[in-house]
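Numbering (this note's numbering), first residue to last: 796 to 909. Ideal Cβ placement from N, Cα and C applies to all residues, glycine included. This structure is a prediction, so every number in the text was calculated from the model and none was measured.
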């Protein structure tokens, strides 16, 4: 079984930056594919960034502002978020990008507000 723990969220002003971390443990040895999702109040969860077989993809809403990366040990995946906007406010989760989901973690809250 795989456990996913997200961290790094917080309150930031518009235009600010945050870096989220996703630590994987359990029966996963290395992270090869991972995605970052977010869910805003009253909205469906959406995939905003994915790392798949070394390639990165992004939702149009975050392209050019967010960067997904992975540490060399392949046990932690990051989401660097720059130029944050109020509409980026959501709970952010990491999970498999291809639908074969692990158990969801608790997520980390990101609030962008002045």
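**Asked** Nearest to residue 893 by CA position, among 844, 810 and 809, is which residue?
**Response** 844
**Asked** Anyone know if the C-beta pair for residue 800 and residue 897 falls short of 8 Å?
**Response** no
**Message:** Less than 8 Å between the beta carbons of residue 829 and residue 886, yes or no?
**Reply:** no
**Request:** Output the distance between the C-alpha atoms of residue 815 and residue 832, rounded to the nearest integer angstrom.
**Result:** 12 Å
**Beta-carbon gap between residue 835 and residue 884 smaller than 8 Å** = yes
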